[in-house]
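Residue numbers (the numbering used here): 148 to 231. See below for the structure under consideration.
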Amino acid sequence: MTKLRRASIETELGTELQCTQCKEFWPADGDFFFLSRGIPHSWCKACYQNHPKVAERKRRWVEKQRANRAAAKTDDHPNQRDGA
Ligand SMILES: [Zn+2]
148 MTKLRRASIE TELGTELQCT QCKEFWPADG DFFFLSRGIP HSWCKACYQN HPKVAERKRR
208 WVEKQRANRA AAKTDDHPNQ RDGA
């Protein structure tokens, strides 16, 4: 067994992993890391692809996650909008 000693941080949207190449933290998600049997690679996709605009992509991803959460909240009680 290899021990995974990946630097990671917890954000409001979940876990972010540090890319060992660019040292940036990215969401532990298939959008940002290639997954090998569900385990993110040590390099982010940006480093594999040398993608210059990946920071913009992350910003959009974060916005999307926030929007999804907001949508999930409002869908939760569609007929109970502060009736009290
Ligand atoms: Zn990277």
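No residue lacks a Cβ here, since even glycine has one placed at the ideal position from N, Cα and C.
In the structure shown, residue 191 falls within a strand segment according to DSSP collapsed to helix, strand and coil. Within the chosen limit of 7 Å, ligand 1 reaches the beta carbon of residue 171 through at least one heavy atom.
Just measuring C-alpha positions, the residue of 186, 201 and 163 sitting nearest residue 192 is 201. Between residue 161 and residue 175, the C-beta spacing is below 8 Å.
For residue 164, the number of other beta carbons within 10 angstroms of its own is at least 16, and it is reported as buried. The C-beta of residue 205 has 16 or more other C-beta atoms within 10 Å across all chains shown, which makes the residue buried. Taking the CA atoms as reference points, residue 167 sits about 21 Å from residue 208.
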